[in-house]
Every structure is written in structure tokens, then in C-alpha cells.
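In numbering that gives the first Met the number 0, the protein residues as written are 0 to 80. Some notes on the structure that comes next.
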Amino acid sequence: MSAPAETQNLVFLLDDDITAEEKAHVKQSITNKGGKITNEPEIINAFFVTMPKQQNGFASLETLHEKISGVEVDGSVSTQK
């Protein structure tokens, strides 16, 4: 029996001008990378996500979607803009 995979909690911050189709694509990309959206607040454009822990903390933002403007990992925010 193998040990459960270590996970990390992330907050994906989305651009204000993201369309419904782009948001759906981001959700699918998160799922494809083994992530699970745990909360999608209505007052901000963000997804709270649990993902398998990766060596570099999280997958590069560009591999998920260009409309992701930042990712918070353990209290530290990385942005691509």
C-alpha cells in the first residue's frame, strides 16, 4: 500500500476580464493536473484549489491558462503579469 500523495492548497487569481469559456478551460486544466476546486467565491475572481504537491511548489502559470494572474502558495503570491 503506497502513502497518499502530498497535496498543497493554492489560490488561483483570475483576470477580471476572463470569459465564461476561459474560466471553464481553467477549471478543466486544474482537473487535468490532478487538482480539485474546493471553493469558488462569488465576490472575487479566484479558485481555491487542492493539488498534488510538486517539486517547484506549483505548475507554471502558463501551463494552466494565460488568464491566471497569480497563484498563492503557503502565503506567498507569484504573479505572471
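Here a beta-carbon is modelled for each residue, glycine too, at the ideal position from N, C-alpha and C. The model shown is predicted, which means the values in this text are computed figures rather than measured ones.
Let me check understanding here. Comparing Cα to Cα, which of D14, S28 and K52 lies closest to I67? D14
**Message:** Can you give me the C-alpha to C-alpha distance between H16 and E5, rounded to a whole angstrom?
**Reply:** Note that residue 16 corresponds to Asp in the displayed sequence, not to His. So the two alpha carbons sit approximately 33 Å from each other.
(request) With V36 as the anchor, note down where its beta strand (DSSP E) starts and where it stops. (result) Per the sequence shown, the amino acid found at residue 36 is Ile instead of Val. K35 to N38 is the span of the beta strand (DSSP E), which, as asked, contains I36.
Practice task
Hey, could you find the ends of the alpha helix (DSSP H) N44 is sitting in?
Solution key: Careful: N44 lies outside any alpha helix (DSSP H) and carries neither H nor E.
Inset, instruction - Just the C-alpha distance for A45 and V10, rounded to the nearest angstrom, thanks. - result: 7 Å
Only counting the same chain, and skipping five residues up and downstream in sequence, which positions put a Cβ closer than 8 Å to that of K26? I36 and F46
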